[in-house]
Amino acid sequence: MTIEPINNWARKIRKKQIEKEKSKQINQPISSWKDEILINGETFDSLTIILRTKGCRWAKKGGCSMCGYFHDATPSVDQKNIINQFNEVLNNYEFEDEFYVKIFTSGSFLDNKEISKKTRNKIIHKLNQRQNFRGLSIETRPEFVERKKLSNIREKINELIIGIGLESASDEIREECINKGFSFDEYKSSLLTSLENDVEVKTYLLLKPPFLSEKDSIKDSIKSAKKASKLGSSKISINPCNIQRGTIVEELYEQNEYSPPWLWSLIRVLRQTTKLDTDIITDPVAAGKERGIHNCQRCDERILKKIKKFTKTQEPRELEVDYCGCKEEWKKILEKENRSHNITTSINCV
53 MTIEPINNWA RKIRKKQIEK EKSKQINQPI SSWKDEILIN GETFDSLTII
103 LRTKGCRWAK KGGCSMCGYF HDATPSVDQK NIINQFNEVL NNYEFEDEFY
153 VKIFTSGSFL DNKEISKKTR NKIIHKLNQR QNFRGLSIET RPEFVERKKL
203 SNIREKINEL IIGIGLESAS DEIREECINK GFSFDEYKSS LLTSLENDVE
253 VKTYLLLKPP FLSEKDSIKD SIKSAKKASK LGSSKISINP CNIQRGTIVE
303 ELYEQNEYSP PWLWSLIRVL RQTTKLDTDI ITDPVAAGKE RGIHNCQRCD
353 ERILKKIKKF TKTQEPRELE VDYCGCKEEW KKILEKENRS HNITTSINCV
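Numbering (our numbering), first residue to last: 53 to 402.
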């Protein structure tokens with residue numbers, strides 16, 4: 053199926069999600085909090101900021117099948133509002149030691165229509181006024197990664213990390229199951245451009261996109277991680293799919309045609325990628341809940357604790373999880389899928 057029918061489907065679903073105009077605080081960020089970030093095996097303090105912007109340009113065309121972040125978009129926000137949001141957050145946090153700042157926009161930090169060059173420069177100037185500020189982590193779609201932009205930022209900042217949502221190294225899966233709107237070659241080009249400008253790249257991979265079996269999604273995530281690592285991605289984040297409002301995934305879920313991945317699947321992916329020359333991290337959204345990655349209620353909490361500790365330490369032994377009876381049910385599902393020959397090379401997603 054071509055991209056446009058998928059976009060039409062996404063827009064049709066989204067109409068159901070049109071909300072009454074909220075009294076959104078255009079000078080208030082969506083959220084902010086203190087956190088940690090793993091850099092070359094070392095943990096640093098970090099400040100996470102989710103800015104309220106006009107939103108992802110691709111989402112306005114239809115967007116990705118699993119992404120509900122369009123809810124955070126606020127068309128009335130201008131660049132002055134964005135600066136006000138950022139300043140308010142930064143002024144409310146203090147760090148004794150070196151720290152990083154992670155900025156999310158529910159879109160692309162390098163999209164000039166979302167965050168202008170002038171706004172980016174003001175943000176970086178404000179950060180550089182903090183003596184213990186060490187580096188900045190942002191997210192963007194690959195089409196906005198340009199040498200001139202990166203050079204401009206790198207002239208003003210010590211360390212820059214760019215997160216790119218590749219989701220899968222398979223063009224077939226990315227186009228037909230996720231509707232990502234770019235090719236693997238475009239991702240590769242943006243990664244190489246980043247590396248040439250001394251910018252680290254964090255690659256996001258989606259565990260269990262819609263229309264893909266549990267078994268095939270495991271294989272795809274492992275294969276995709278290996279490809280991204282070989283190209284030079286310094287971090288790979290495995291993101292288990294969750295059910296977000298107003299998405300194709302939610303509609304499939306409500307029709308009993310999709311279920312979130314198992315924690316056992318994530319454990320297998322992590323185990324199979326620990327030897328790669330890159331940090332393998334994960335921070336599942338809605339983990340342990342019905343609409344997020346989960347096993348049974350008996351083992352979810354202890355497995356999630358082990359996964360969180362692995363992400364922080366990168367120690368493979370943390371993935372040695374105590375047995376739970378639900379693992380047999382998970383194995384039976386994989387065996388059933390194997391017998392049905394539901395392989396990625398023959399998928400017909402939509």
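Note that CB positions come from ideal geometry on N, CA and C, so glycine has one too.
None of these values were measured; they are calculated from a predicted model.
### Query
Which whole-angstrom value describes the C-beta separation of K154 and S83, a residue pair presumed to lie in contact below a C-beta threshold of 8 Å?
Against the sequence shown, residue 154 aligns to sequence position 102. Against the sequence shown, residue 83 aligns to sequence position 31. Actually they do not touch by this definition, with Cβ atoms about 12 Å apart.
### Message
Once DSSP output is grouped into helix, strand and coil, what is the label at K384?
### Response
As a position in the sequence shown, residue 384 is number 332, starting the count at 1. Helix.
### Task
Check whether the Cβ atoms of P336 and P313 sit closer than 7 Å, and answer yes or no.
Here residue 336 refers to the residue found at position 284 when the sequence shown is read from its first residue. Here residue 313 refers to the residue found at position 261 when the sequence shown is read from its first residue. Cβ distance not < 7 Å, so P336 and P313 don't count as in contact.
### Query
Looking at the structure shown, is P194 part of a helix, part of a strand, or coil, going by DSSP?
Indexing the sequence shown from 1 puts residue 194 at position 142. Three-state result, P194: helix.
### Residue interval of the beta strand (DSSP E) (run including V153)
To locate residue 153, count along the sequence shown from 1; it is residue 101. Where V153 is concerned, the enclosing beta strand (DSSP E) stretches over 151–156.
### Task
Would you please state the rounded distance, in angstroms, between the beta carbons of L218 and G284? I believe it to be under 8 Å.
Along the sequence shown, read from residue 1 onward, the residue named residue 218 stands at position 166. Along the sequence shown, read from residue 1 onward, the residue named residue 284 stands at position 232. About 13 Å; that fails the 8 Å criterion.
### Query
If you measure from the CB of N249, is any heavy atom of the ligand FAD nearer than 6 Å?
For the structure depicted, the ligand FAD is absent and the ligand set is empty, with no information on it obtainable.
### Query
By how many angstroms is the C-alpha of S273 removed from the C-alpha of K388?
The sequence position of residue 388 within the sequence shown is 336, counting from 1. The sequence position of residue 273 within the sequence shown is 221, counting from 1. If I take the Cα positions, the gap works out to 20 Å.
### Query
Cα separation between T105 and L179?
The sequence position of residue 105 within the sequence shown is 53, counting from 1. The sequence position of residue 179 within the sequence shown is 127, counting from 1. If I take the Cα positions, the gap works out to 19 Å.
### Task
Look up S83 in the DSSP assignment and give the residues it is bridged to.
Taking the sequence shown and counting its residues from 1, the one referred to as residue 83 is at position 31. For S83, which the question treats as bridged, DSSP gives the partners I102.
### Query
Just checking my contact of G120 with T245 at CB under 8 Å: how many whole Å lie between their CB atoms?
Here residue 120 refers to the residue found at position 68 of the sequence shown. Here residue 245 refers to the residue found at position 193 of the sequence shown. Not quite, the Cβ-Cβ distance comes to about 29 Å (not below 8 Å), so this is no contact.
### Message
Considering just the uninterrupted stretch of the alpha helix (DSSP H) at T326, what are its terminal residues?
### Response
Here residue 326 refers to the residue found at position 274 when the sequence shown is read from its first residue. From DSSP, T326 is part of no alpha helix (DSSP H); its letter is neither H nor E.
### Query
E198: which of K341, S286, N231, Y239 sits nearest, CA to CA?
What you label residue 198 is simply residue 146 of the sequence shown in a count that begins at 1. The shortest C-alpha separation from E198 is found at Y239.
### Message
DSSP three-state label for P292, please.
### Response
The residue given as residue 292 occupies position 240 in the sequence shown. Note: P292 maps to strand in three-state DSSP.
### Task
Could you check what DSSP says for S246 in three-state terms: helix, strand or coil?
For this step, residue 246 is matched to residue 194 along the sequence shown. S246 falls in the helix class under three-state DSSP.
### Query
Using a Cβ-Cβ cut-off of 7 Å (strictly less than) and excluding sequence neighbours within five positions of D149, which residues of its own chain qualify?
The residue labelled residue 149 in the question sits at position 97 within the sequence shown. Counting only Cβ-Cβ distances below 7 Å, and skipping sequence neighbours, we find D97, N184.
### Task
For D374, name the three-state secondary structure that DSSP assigns.
Residue mapping note: residue 374 aligns to position 322 of the sequence shown, counting from 1. D374 falls in the coil class under three-state DSSP.
### Task
Please go through the same chain and pick out, in chain order, the residues whose beta-carbon is closer than 7 Å to the beta-carbon of I295, but skip the five residues on each side of it.
The sequence position of residue 295 within the sequence shown is 243, counting from 1. For I295, where only same-chain residues beyond five positions count, the Cβ hits under 7 Å are V301, E302, Y305, P312, R343.
### Query
Taking the Cβ atom as the reference point for each residue, do P262 and Y310 lie within a distance shorter than 7 Å?
In the sequence shown, residue 262 corresponds to position 210, counting from 1. In the sequence shown, residue 310 corresponds to position 258, counting from 1. Yes.
#### Entry: First through last residue of the alpha helix (DSSP H) which encompasses V141
For this step, residue 141 is matched to residue 89 along the sequence shown. Run containing V141: 131–143, per the alpha helix (DSSP H) assignment.
#### Entry: Nearest-angstrom beta carbon gap, L258 and I230 [assumed within contact, 8 Å]
Here residue 230 corresponds to residue number 178 of the sequence shown, with the count starting at 1. Here residue 258 corresponds to residue number 206 of the sequence shown, with the count starting at 1. Sure, about 7 Å apart at Cβ, within 8 Å.
### Task
Identify whether Y310 lies in helix, strand or coil by the three-state DSSP scheme.
To locate residue 310, count along the sequence shown from 1; it is residue 258. In this structure, Y310 counts as coil in the three-state DSSP scheme.
### Option in I55, C108, I345, Q137 with minimal Cα separation from K174
Numbered from its first residue, the sequence shown carries residue 174 at position 122. The candidate whose alpha carbon is nearest that of K174 is Q137.
### Message
Which residue wins for smallest C-alpha separation from V141, given the options I225, R182, P81?
### Response
For the purposes of this step, residue 141 is identified with residue 89 of the sequence shown, where counting begins at 1. It is P81.
### Query
Hey, which unbroken runs of the alpha helix (DSSP H) at 4 residues or more fall wholly within the region 210–269?
236–248
### Message
Quick check on DSSP: helix, strand or coil for E166?
### Response
Within the sequence shown, the letter at position 114 stands for residue 166. Three-state result, E166: coil.
### Buried/exposed call for T363, threshold 16 Cβ in 10 Å
Along the sequence shown, one-based indexing puts residue 363 at 311. Result: buried.
### Query
Can you tell me whether DSSP reads K357 as helix, strand or coil?
For the purposes of this step, residue 357 is taken as residue 305 along the sequence shown, with counting starting at 1. Here K357 sits in helix by DSSP.
### Message
Contact between the region 323–334 and the region 362–381 is defined here as three or more beta-carbon pairs at a separation below 8 Å; is this criterion met?
### Response
yes
### Whole-number beta carbon distance between C108 and G115, since they are thought to touch under 8 Å
Along the sequence shown, one-based indexing puts residue 115 at 63. Along the sequence shown, one-based indexing puts residue 108 at 56. Correct: roughly 7 Å between the Cβ atoms.
### Task
Kindly indicate the opening and closing residues of the alpha helix (DSSP H) around S203.
Locating residue 203 in the sequence shown gives position 151, counting from the first residue. 199–206 is the span of the alpha helix (DSSP H), which, as asked, contains S203.
### Task
Mind checking which residues open and close the alpha helix (DSSP H) that includes K113?
Locating residue 113 in the sequence shown gives position 61, where the first residue counts as 1. Where K113 is concerned, the enclosing alpha helix (DSSP H) stretches over 109–113.
### Query
Quick one: Cα of T157 to Cα of V373, how far?
Sequence index remark: in the sequence shown, residue 157 carries index 105 (1-based). Sequence index remark: in the sequence shown, residue 373 carries index 321 (1-based). Cα to Cα, the separation comes out at about 35 Å.
### Query
Rounded C-beta distance between L162 and I134? I'm assuming under 8 Å.
Position 110 of the sequence shown, counted from the first residue, corresponds to residue 162. Position 82 of the sequence shown, counted from the first residue, corresponds to residue 134. With 8 Å as the limit, L162 and I134 do not qualify as a contact, their Cβ atoms being about 14 Å apart.
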